[in-house]
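So the sequences go chain by chain: A and B.
According to my numbering, the first sequence is numbered sequentially starting from 1.
According to my numbering, the second sequence is numbered sequentially starting from 210.
Note that the Cβ used here is the ideal one computed from N, Cα and C, for glycine as well.
Structure, as structure tokens:
There are 2 protein chains.
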Amino acid sequence: MASPANNPTTRRERQRLEIRDRLLEAVLRLNSSGNDFASLSVERLAQEASTSRSTFYVYFEDKADLLRSLTVEIGEELERMAVPWLEIRARHTRQQLGEMLERFATAYLPHADILAVVFATATYDAEVRQTAQNLFRSQVDALQRHIIEGSAAGFVDPTLEARPTAFWLISMIERGFNDMLRVREDSERKLLLDSLADLVWQALYALAD
Amino acid sequence: MASPANNPTTRRERQRLEIRDRLLEAVLRLNSSGNDFASLSVERLAQEASTSRSTFYVYFEDKADLLRSLTVEIGEELERMAVPWLEIRARHTRQQLGEMLERFATAYLPHADILAVVFATATYDAEVRQTAQNLFRSQVDALQRHIIEGSAAGFVDPTLEARPTAFWLISMIERGFNDMLRVREDSERKLLLDSLADLVWQALYALAD
DNA sequence: TCCGTTGGTGGACAGAGTGTACGGACAGCG
DNA sequence: CGCTGTCCGTACACTCTGTCCACCAACGGA
Numbered sequence: 001m002a003s004p005a006n007n008p009t010t011r012r013e014r015q016r017l018e019i020r021d022r023l024l025e026a027v028l029r030l031n032s033s034g035n036d037f038a039s040l041s042v043e044r045l046a047q048e049a050s051t052s053r054s055t056f057y058v059y060f061e062d063k064a065d066l067l068r069s070l071t072v073e074i075g076e077e078l079e080r081m082a083v084p085w086l087e088i089r090a091r092h093t094r095q096q097l098g099e100m101l102e103r104f105a106t107a108y109l110p111h112a113d114i115l116a117v118v119f120a121t122a123t124y125d126a127e128v129r130q131t132a133q134n135l136f137r138s139q140v141d142a143l144q145r146h147i148i149e150g151s152a153a154g155f156v157d158p159t160l161e162a163r164p165t166a167f168w169l170i171s172m173i174e175r176g177f178n179d180m181l182r183v184r185e186d187s188e189r190k191l192l193l194d195s196l197a198d199l200v201w202q203a204l205y206a207l208a209d
Numbered sequence: 210m211a212s213p214a215n216n217p218t219t220r221r222e223r224q225r226l227e228i229r230d231r232l233l234e235a236v237l238r239l240n241s242s243g244n245d246f247a248s249l250s251v252e253r254l255a256q257e258a259s260t261s262r263s264t265f266y267v268y269f270e271d272k273a274d275l276l277r278s279l280t281v282e283i284g285e286e287l288e289r290m291a292v293p294w295l296e297i298r299a300r301h302t303r304q305q306l307g308e309m310l311e312r313f314a315t316a317y318l319p320h321a322d323i324l325a326v327v328f329a330t331a332t333y334d335a336e337v338r339q340t341a342q343n344l345f346r347s348q349v350d351a352l353q354r355h356i357i358e359g360s361a362a363g364f365v366d367p368t369l370e371a372r373p374t375a376f377w378l379i380s381m382i383e384r385g386f387n388d389m390l391r392v393r394e395d396s397e398r399k400l401l402l403d404s405l406a407d408l409v410w411q412a413l414y415a416l417a418d
């Protein structure tokens, strides 16, 4: 059936993609195991991906270039993860909000460490900064739409300024989640998420109607 | 009158401090003028401070060490700046809150760019991370006290979990302020700060009593 | 004022990492 | 089968780091 000939990608192309993936995964592995991206040499990275330093430069211009690719991929996944909350267009309960935020957190947290690297790199690499800003902006956009449509539908406080409110709330969530990485205890995590849900509830939904 | 002999510091000590200050200021100057800290060489830095590279290493172990000193100094100033809001122990109006946050923002924003560097460096330098965490924690502590004492005094919603609420609000303010750097327009800034005041008001004070 | 001490300076050094170039080797492909 | 694409090792020039040291200016005590 799926013979190599039928596959649109040739074997060589598949090998290319595999090496590329190995490099991307190597960064995640090294980064999550205590090493820090900034002092990670290309040599070490290539070694972790079972390839050579010179090959690295075939696939990426430099480390920042690799990080850009990574950011785009993670960004797409983040947007998918936020859908359950932000795409809601009907009145919901405080408890439902809590559950949605919890699901969002569960999906977000595994990526938080690499996102921290992205934000860090953004301060000194213009292209990564652009990518990171797009990511942030698209989250704010989504929440802004949620607020506007929720106001119209009557389940969001209609007196809110949609854009700035969305900006602050997304700031809170993003910054807070990055810090939550360090929280090991499940009970403490629960407490934090519950408090977050209270704040969001209070900010957006409590004063509706 | 104030002869050199009467001065507790000798001339040499004063010169020492002056060079140190020149180096610290050089970082701020170079950082704010578009250059990025990560790719800033010690050579360039010493040059900007009108001193030599070898002298740099007399004063600081490395760039991260310098950043740590800077962080501590900025941290102390930040705490002073937050006092008007956080040290309030009595009921106040929504308008007063807005004014206090505006003053806080005005004091914070000039430092936001270097703080961004601090947070970026924190992801890969353990000591800077510690310093940055202390800074963050002390802000959370102060807000937590504010919430607890405000609850007792009756002007803060007593059902709040003080610690996590403080954590989220400080996250929001810190992350948001770092982004506000890019906001040039006064009217837009006004809108943002007003919205922030609404959120804080709603979160802490609206449900008191 | 004199002179010993202090401390900034420039230069040299080894070590590490970067980004580029190129030839050899090996496997995929026609 | 021979051609071609791709990975690998090696080498190179370059930049930056952190350390060391000898030199010398000027500071400050006597």
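Cutoff 7 Å: residue i Cβ touching any chain A Cβ
i                      : result
residue 202 of chain B : Since the first residue of chain B shown is 210 and the last is 418, residue 202 of chain B is not available in this structure.
residue 293 of chain B : no
residue 414 of chain B : no
residue 241 of chain B : no
residue 260 of chain B : no
residue 354 of chain B : no
residue 400 of chain B : yes
residue 385 of chain B : yes
residue 263 of chain B : no
residue 216 of chain B : Residue placement at residue 216 of chain B cannot be trusted, given a pLDDT of 45 that sits under 50; what the coordinates show is reported in the next sentence. Taking Cβ atoms only, chain A never reaches closer than 7 Å to residue 216 of chain B, which makes this a no.
residue 274 of chain B : no
residue 417 of chain B : no
residue 210 of chain B : Summary for residue 210 of chain B: the model assigns pLDDT 33, below 50, so the residue's position carries little reliability; its value from the coordinates is reported in the next sentence. No, residue 210 of chain B lies away from the interface with chain A (no Cβ there is under 7 Å from its Cβ).
residue 250 of chain B : no
residue 329 of chain B : yes
residue 271 of chain B : no
residue 350 of chain B : no
residue 325 of chain B : yes
residue 238 of chain B : no
Cα-Cα separation between residue i and residue j, rounded to whole angstroms
i                      : j                      : result
residue 159 of chain A : residue 11 of chain A  : 58 Å
residue 108 of chain A : residue 254 of chain B : 38 Å
residue 88 of chain A  : residue 146 of chain A : 7 Å
residue 405 of chain B : residue 72 of chain A  : 30 Å
residue 275 of chain B : residue 269 of chain B : 6 Å
residue 184 of chain A : residue 222 of chain B : 47 Å
residue 338 of chain B : residue 237 of chain B : 19 Å
residue 259 of chain B : residue 242 of chain B : 17 Å
residue 101 of chain A : residue 85 of chain A  : 7 Å
residue 417 of chain B : residue 407 of chain B : 15 Å
residue 9 of chain A   : residue 18 of chain A  : 12 Å
residue 47 of chain A  : residue 22 of chain A  : 11 Å
residue 225 of chain B : residue 279 of chain B : 17 Å
residue 212 of chain B : residue 267 of chain B : Here the model assigns residue 212 of chain B a pLDDT of 34, short of 50, so the residue's position is not dependable, and the following value carries that caveat. Between residue 212 of chain B and residue 267 of chain B, the C-alpha separation is close to 29 Å.
residue 419 of chain B : residue 381 of chain B : What is shown of chain B runs 210 to 418, which leaves residue 419 of chain B out entirely.
residue 141 of chain A : residue 39 of chain A  : 35 Å
residue 263 of chain B : residue 233 of chain B : 16 Å
residue 52 of chain A  : residue 42 of chain A  : 9 Å
residue 190 of chain A : residue 149 of chain A : 29 Å
residue 79 of chain A  : residue 110 of chain A : 15 Å
CB contact below 7 Å: residue i versus chain B
i                      : result
residue 180 of chain A : no
residue 106 of chain A : no
residue 201 of chain A : no
residue 161 of chain A : yes
residue 110 of chain A : no
residue 93 of chain A  : no
residue 187 of chain A : no
residue 164 of chain A : yes
residue 81 of chain A  : no
residue 123 of chain A : yes
Reduced DSSP secondary structure (H/G/I, E/B, other) of residue i
i                      : result
residue 92 of chain A  : coil
residue 246 of chain B : coil
residue 370 of chain B : coil
residue 390 of chain B : coil
residue 376 of chain B : helix
residue 60 of chain A  : coil
residue 264 of chain B : helix
residue 192 of chain A : helix
residue 75 of chain A  : helix
residue 259 of chain B : coil
residue 418 of chain B : coil
residue 87 of chain A  : coil
residue 154 of chain A : coil
Residue i: CB within 6 Å of a non-hydrogen atom of the ligand SAM
i                     : result
residue 30 of chain A : The ligand SAM is not part of this structure, which contains no ligands at all.
Secondary structure, alpha helix (DSSP H): runs of 4+ residues fully inside the segment 308 to 358 of chain B:
As summarised for the segment 308 to 358 of chain B, there are no continuous alpha helix (DSSP H) elements at least 4 residues long confined to that stretch.
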